[in-house]
Every structure is written in C-alpha cells, then in structure tokens.
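S.K.: I'd like to ask some things about the structure below.
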Amino acid sequence: MQRYDNYINGQWQAAASFAPNINPSDTSDVIGEYAQADAEQMKQAIAAAKAAFKTWSRSGAQQRHDVLDAIGNEILARKEEIGTLLAREEGKTLAEGIGETVRAGQIFKFFAGEALRTGGEWLPSVRPGVEVEIIREPLGVIGLITPWNFPIAIPAWKIAPALCYGNAVIFKPAELTPGCAWVLAEIISRTALPPGAFNLVMGPGSVVGQLMTQSPAVTAISFTGSVSTGRSILQATAERGAKVQLEMGGKNPLVVLDDADLDVAVNCAINGSYYSTGQRCTASSRIIVTDGIHDRFVAAMQARLATLKIGQALDKSTDIGPVVDQRQLEQNQRYIDQCLQEGGTLAFGGESIRCETPGFFMQPALFVDTTPEMTINREEVFGPVATVIRVKDYDEALAVANATEMGLAAGICTTSLKHATHFKRHAEAGMVMVNLPTAGVDYHVPFGGRKASSYGSREQGRYAQEFYTTVKTSYQSA
Ligand code: NAD
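Pasting the structure below:
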C-alpha cells in the first residue's frame, strides 16, 4: 500500500502513524495510507512557515504570479487524473470531480493575475505638505483548515489568495479526503516557493487542527466546516486575538412561486438539493412552494427523482454518487426517521441501497407535509435529503425562507420581476440565486454567508484580500 507523507519545510516527512483513505463507492478499495501528524510535526511546520514568511512576504509580483500560474496550469493539465482521484475518495461523480478540479485550476490562475494587480492608494493629507499612502501587507503564517466535501476547490480558494498576498501557509485538509490535498502539495512542492512557505500537515482536527488554532505564531485561521467546529475555533483564537474567517453550514431555502416555470424549478431543485449527493454547504435543503404549484411541482420532482441513477462515482452513467462515509449515512437516516416521527411524509426515496460494490449508497429523499418547526428544517443534514414546505403566498415564502439561523445561499424560481427583485433585497443570505440552483457559484466574486453560516470577511475574488492582508496607512512630510 502506497504511503503519502506530510510536506514540511520543503521536505516530505513520514509520520508515526498513517490512516487509510477509503473509497466510499467501494470500501474494499483503499486509495492509500496518509500520514497522521503529531504535535511535534505541527510545531515544525509552524516554525518553518514563520521563517519562510520573511522571504515570501518580500517576493515580487512576477514571482508570485509565476508560482500560482504554474500550479493552475498543472492542475488544469491533469484534470482527468485529479478529478478521478477526487471522485474516488469523496464520492461525487466523475464529471463533478473533473469540474471541481478545473475550478481549482482556474482559482490559482485568477490569483496569479491578482498578484500583478495588488495596489494601494495615494491621497493628499488634510495637513498641508503631507502625503498619505495606503497599502496592503501580508499577515504572516496562515492556518488553513478544510472540509471533505470540496477536497480541491476549497483548499485552492484558500491557498491561492494566501500565497498571492505574500503569506506563509500551513494547510490541514479533512481526514476523509487527504488524496487531493497531497496531489496539490506535490504540485506546489515543485514550484519556486521558498521551503516552508507552504506546508501540508495531515492528521486529526482534534490534534493538529487544535494545535494550529492555539499557536500564537499562527496569525490567522481560515476555516471551512461545520458550525460546531467553527465555533470552537473562534473560542480558541479569541483570547489571543487571531484573525479568523469561518465558512460553516447552510440550511438554504429554494422558493418556488406559482408563476415559476415548472421545468426551471424542478431543474433547480434536483441540481441544488441532490447533486454532489446533497453534500454541499449551498445545497437547497428546504424547498418552499406556494399552494398553486405545489402538487404539480411535487409530482414532477417524483418523476425526475425516479430517473436518477445512484451508483459508483466513477461509473459515467451515475447521477448521484455515494454518501461520504458510514457516519454521514447514519446521520442522514436519523434525520429521515425523525422527520417521519414528527409528521413528515416521504414522497420519494430515503432508503439505503445496495450496489455491485460495498459502499454508502442511498436513494435521494424528498419529504412533503413538513413545517418550518420540524428538526429537519432547522438543522443541516448534509446529504441528499430535501423537504417541501407548503406556503400560501410570496410573503409567507420569504418569511419561512428567512426563518433559520443560517444564511449562506437562498434561491427563488419565479417569472415575476417584482418578486425576484424583492427576494434579492430581502433574503437574509450572503448569496441569492434567481431561477438558478442555490449551489454553483463563480470564482471571481465573493463567496460567503450571514448569521450562523459565516464569520469574518468573504472568500474568493478580489474580496479575498480583506482577510489575507492587513492595511497600512503611511504619512510622509513632502
Ligand atoms: P468538520 O467541522 O467536521 O471538519 C472541518 C475541518 O475541521 C476538518 O479538517 C477537521 O479535521 C477540522 N477540525 C475538526 N475539529 C477541529 C478542531 N477542534 N480544531 C481545528 N480543526 C478541527 O466539517 P466536515 O464534516 O469536514 O464538513 C462538513 C461541514 O462543512 C458542513 O457543515 C458544511 O456545511 C460545511 N461546509 C461549509 C462550506 C461553506 O463555505 N460555508 C463549504 C463546504 C462545507
């Protein structure tokens, strides 16, 4: 079995223990064994990053551009191979895996361009004979902690801006998907980055993640994952005043109004609720449907769901791959059972299914007769499970859409300009989609949410610099 080491201070380093990376479409397929760092390795990575920051923070724009561009080019050139690994270790379909890999390459190339466009401002002072200059400077050592559900795109949208603006990086990927993280590190290891400017430290969040959040040498933490882990990171970093950016869960609504184009609404719901096995923070898990279209919409959803093929991620005919692991499958099942107990009606699916290989497969589930108060409509399931909440009109739909602690994405399907415009203004979410699935975003514009979904400044696009830099104002006597 091939073993994959950590990458610390420009060196590949084995660890005292290794953990298997298991294919959720076929649990007999072990992709490799991946190093599990201990506290000592994390300390080495922090020290190396601290030292490398001195060099990398003074690197020129061309050098930063070239490093990021080279990473982006190699990811794009190897999209089939990396996309296949992604589908194999995470369980999204091959097409989705390749699509996510392409996105990662595009993100590196976007920030390669941004490296050439960093600028500042020059202003006359209010005092005669004084000039004011405002520039952005890198922060220092940045700890990046990522979840398993986008194993290459999320690391890319953190690593690329961190390096672009001159920071040193310690990257801790999710335990379930170290494969893409390792490939990314291998690509980065062959660029002209100084040793220590990028470190890959794989291992359990409770050990290496926690050490990273507690170390005073780590200036900032960018985290994507669950609300509970995000909040514990916030507490751990509050005392020392570290800069923190948290992207967490979602309970995203998709509103379907009477005047919606039925095909558009069904396409948005099927894609937004079930693609990538529903394991997207932007998935539409609450479908809020007005009376006049409710029965037609549910019937059309049942018909479409019946056509979806559930199966192995690498089978090209598969529409929905497996759930990521046994724990997540059990969590999905618990929410389904609880919804049934609380009075919901299963309109489709919900059961575990067997395929040719041992894996974590389930039929996507659609509930009807649900109310906003039910557990399933308040908590994130993070699986191919969606509910329909029936409402009388647009006003009630908007109120229900906003009746959640989360605020990542919100969608509406309507042909009414008035309602679409009103929804864009009044949905309490960081991202709003009109006649589009709630999941699926661009990489050159800000990404993030409100309320319990996010904390700190936005990720992606030019807005990323808000987190990865600090502003300096200089005054000079002319
Ligand atoms: P998770 O919170 O369990 O783990 C995320 C990361 O945190 C992992 O790398 C894990 O090892 C690490 N970690 C765990 N405990 C830690 C600790 N005490 N200190 C430091 N790090 C620690 O989340 P997950 O199960 O990997 O991902 C699923 C969650 O991620 C869902 O809630 C989903 O909504 C969310 N998510 C959010 C976004 C977004 O942008 N808002 C995107 C994707 C996923």
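According to this note's numbering, the stretch in the sequence shown is residues 997 to 1474, in order.
Glycine included, each C-beta is placed from N, C-alpha and C at the ideal position.
Quick one: what does DSSP say Y1471 is sitting in, helix, strand or coil?
M.R.: Walking along the sequence shown from the start, residue 1471 turns up at place 475. Strand, per DSSP.
S.K.: Taking L1242 as the reference, which of E1127, V1441, G1028, I1141 has the closest Cα?
M.R.: Here residue 1242 refers to the residue found at position 246 when the sequence shown is read from its first residue. Measuring from the Cα of L1242, the nearest candidate turns out to be I1141.
S.K.: Since W1008 is in the alpha helix (DSSP H), which residue starts that stretch and which ends it?
M.R.: Reading the sequence shown from its first residue, position 12 is the one you call residue 1008. No alpha helix (DSSP H) holds W1008; the beta strand (DSSP E) holding it covers 1007-1009.
S.K.: Under 8 Å Cβ to Cβ from D1257, same chain only, skipping five residues before and after it: list those, please.
M.R.: As a first step, residue 1257 must be located in the sequence shown, where it is residue number 261. C1409, T1411, N1431.
S.K.: Using 8 Å as the Cβ pair cut-off and three pairs as the minimum, do the stretch 1365-1379 and the stretch 1336-1349 touch?
M.R.: yes
S.K.: Mind the definition here: the stretch 1153-1166 touches the stretch 1193-1209 only if three or more C-beta pairs lie below 8 Å; say whether that holds.
M.R.: yes
S.K.: Considering only the alpha carbon of each residue, which of M1244, T1215, V1251 lies closest to G1237?
M.R.: Residue mapping note: residue 1237 aligns to position 241 of the sequence shown, counting from 1. For the residues M1244, T1215, V1251, the minimum Cα distance to G1237 belongs to T1215.
S.K.: Return the residue from the list M1198, A1460, A1213, I1316 that minimises the CA-CA distance to W1008.
M.R.: Residue numbering aside, residue 1008 sits at position 12 when the sequence shown is read from its first letter. Ranking the options by Cα distance to W1008, first place goes to M1198.
S.K.: Under DSSP, the beta strand (DSSP E) around S1185 begins and ends at which residues?
M.R.: By one-based count along the sequence shown, residue 1185 stands at place 189. Premise fails: S1185 lies in the alpha helix (DSSP H), 1174-1185, not in any beta strand (DSSP E).
S.K.: Roughly how many whole angstroms lie between the Cα atoms of Q1093 and L1135?
M.R.: Counting from 1 along the sequence shown, the entry for residue 1093 is found at position 97. Counting from 1 along the sequence shown, the entry for residue 1135 is found at position 139. Position check: residue 1093 holds Gly in this sequence, whereas Gln was assumed. For G1093 and L1135, the distance between alpha carbons rounds to 32 Å.
S.K.: Taking I1283 as the reference, give the member of A1108, G1268, Q1275, W1144 with the closest Cα.
M.R.: Within the sequence shown, the letter at position 287 stands for residue 1283. The option with the nearest alpha carbon to I1283 is G1268.
S.K.: Run the CB neighbour count on I1012, radius 10 Å, all protein chains shown included, and call it buried at 16 or more, exposed below.
M.R.: Residue numbering aside, residue 1012 sits at position 16 when the sequence shown is read from its first letter. One detail in the question is off: residue 1012 reads as Ala in this sequence, not Ile. Per the 10 Å Cβ criterion, exposed.
S.K.: Exposed or buried, V1126, counting other C-beta atoms within 10 Å across all chains shown (16 or more means buried)?
M.R.: For the purposes of this step, residue 1126 is taken as the residue at position 130 of the sequence shown. Exposed.
S.K.: Report the partner residues of K1239 according to the DSSP bridge assignment.
M.R.: For the purposes of this step, residue 1239 is taken as residue 243 along the sequence shown, with counting starting at 1. Here K1239 is bridged, per DSSP, to A1216.
S.K.: How about T1225 and G1201: do their beta carbons lie closer than 8 Å?
M.R.: The residue given as residue 1225 occupies position 229 in the sequence shown. The residue given as residue 1201 occupies position 205 in the sequence shown. Less than 8 Å divides the Cβ of T1225 from the Cβ of G1201.
S.K.: Taking 7 Å as the cut-off, is the beta-carbon of K1476 closer than that to any non-hydrogen atom of the ligand NAD?
M.R.: Outside the shown range of the chain, which is 997 to 1474, sits residue 1476, and nothing can be said about it.
S.K.: In angstroms, rounded to a whole number, what distance separates the CA positions of V1128 and V1467?
M.R.: Counting from one through the sequence shown, the residue named residue 1128 turns up at place 132. Counting from one through the sequence shown, the residue named residue 1467 turns up at place 471. Cα to Cα, V1128 sits roughly 13 Å from V1467.
S.K.: Among A1181, T1314, I1131, which one has its Cα closest to the Cα of T1114?
M.R.: Within the sequence shown, the letter at position 118 stands for residue 1114. Ranking the options by Cα distance to T1114, first place goes to I1131.
S.K.: When the Cα of G1307 is compared with those of L1119, D1022, Q1058, which residue comes out closest?
M.R.: In the sequence shown, counting from the first residue as 1, residue 1307 sits at position 311. Here the closest residue by C-alpha is D1022.
S.K.: Would the stretch 1073-1087 and the stretch 1035-1051 be scored as touching if the rule is three or more Cβ pairs under 8 Å?
M.R.: no
S.K.: Given A1041, which residues of its chain have a CB within under 6 Å of its CB, disregarding the five upstream and five downstream residues?
M.R.: Numbered from its first residue, the sequence shown carries residue 1041 at position 45. So the list reads I1004, I1166, N1195, V1197, once near-sequence residues are dropped.
S.K.: Have a look at Q1231 and G1246 and give me their C-alpha separation to the nearest angstrom.
M.R.: Position 235 of the sequence shown, counted from the start, is the residue given in the question as residue 1231. Position 250 of the sequence shown, counted from the start, is the residue given in the question as residue 1246. Looking at the two C-alpha atoms, the distance is approximately 21 Å.
S.K.: Mind checking which residues open and close the alpha helix (DSSP H) that includes T1303?
M.R.: The residue given as residue 1303 occupies position 307 in the sequence shown. Per DSSP, T1303 belongs to the alpha helix (DSSP H) from 1287-1303.
S.K.: Run the proximity test for I1150: is its beta-carbon closer than 7 Å to any non-hydrogen atom belonging to the ligand NAD?
M.R.: In the sequence shown, the residue the question calls residue 1150 occupies position 154. I1150: yes, Cβ under 7 Å from the ligand NAD.
S.K.: Rounded to whole angstroms, what's the CA-CA distance from R1074 to F1146? Just pull it up for me.
M.R.: Counting from one through the sequence shown, the residue named residue 1074 turns up at place 78. Counting from one through the sequence shown, the residue named residue 1146 turns up at place 150. In a straight line, the C-alpha of R1074 is about 17 Å away from that of F1146.
S.K.: Measuring only from the beta carbon, is L1404 closer than 7 Å to any heavy atom that is part of the ligand NAD?
M.R.: As a first step, residue 1404 must be located in the sequence shown, where it is residue number 408. Checking every heavy atom of the ligand NAD against the Cβ of L1404, one is found closer than 7 Å.
S.K.: How would you write the range of the alpha helix (DSSP H) that M1208 sits in, first residue to last?
M.R.: As a position in the sequence shown, residue 1208 is number 212, starting the count at 1. That run of the alpha helix (DSSP H) goes 1206-1210.
S.K.: Determine the closest residue to A1295 out of F1344, N1002, T1273, with distance taken between C-alpha atoms.
M.R.: Here residue 1295 refers to the residue found at position 299 when the sequence shown is read from its first residue. With distances taken between Cα atoms, A1295 lies closest to F1344.
S.K.: For the stretch 1326-1399, which segments carrying the beta strand (DSSP E) assignment without a break, of at least 3 residues, lie completely within its bounds, in sequence order?
M.R.: 1341-1344, 1361-1366, 1381-1387, all fully within the stretch 1326-1399.
S.K.: Sorted by chain position, which residues of the same chain lie with C-beta nearer than 6 Å to P1016's C-beta, five sequence neighbours on each side aside?
M.R.: On the sequence shown, residue 1016 is found 20 positions in, with the first residue counted as 1. Closer than 6 Å at Cβ, skipping near neighbours: V1026, E1029.
S.K.: What I want to know is whether the C-beta of P1169 ends up closer than 7 Å to one or more non-hydrogen atoms of the ligand NAD.
M.R.: In the sequence shown, counting from the first residue as 1, residue 1169 sits at position 173. Checking the Cβ of P1169 against the ligand NAD gives yes.
S.K.: Would you call the CB atoms of F1356 and L1394 closer than 8 Å?
M.R.: In the sequence shown, residue 1356 corresponds to position 360, counting from 1. In the sequence shown, residue 1394 corresponds to position 398, counting from 1. No. Outside cutoff.
S.K.: Taking its Cβ as the centre, do 16 or more other Cβ atoms sit within 10 Å of S1280, making it buried, or is it exposed?
M.R.: Here residue 1280 corresponds to residue number 284 of the sequence shown, with the count starting at 1. Classification of S1280: buried, given that the 10 Å Cβ count is 16 or more.
S.K.: For the beta strand (DSSP E) holding Y1270, just list the boundary residues, first then last.
M.R.: Residue 1270 sits at position 274 when you count from the first residue of the sequence shown. No beta strand (DSSP E) contains Y1270, which is instead part of the alpha helix (DSSP H) from 1258-1270.
S.K.: Flag this pair as yes or no: are the beta carbons of Y1439 and I1103 separated by less than 8 Å?
M.R.: Here residue 1439 is taken as the residue at index 443 of the sequence shown, counted from 1. Here residue 1103 is taken as the residue at index 107 of the sequence shown, counted from 1. Contact flag set, yes.
S.K.: Between which two residues does the alpha helix (DSSP H) harbouring Q1308 extend?
M.R.: What you label residue 1308 is simply residue 312 of the sequence shown in a count that begins at 1. Taken as a continuous stretch (DSSP letters only), Q1308 belongs to no alpha helix (DSSP H), as it is neither H nor E.
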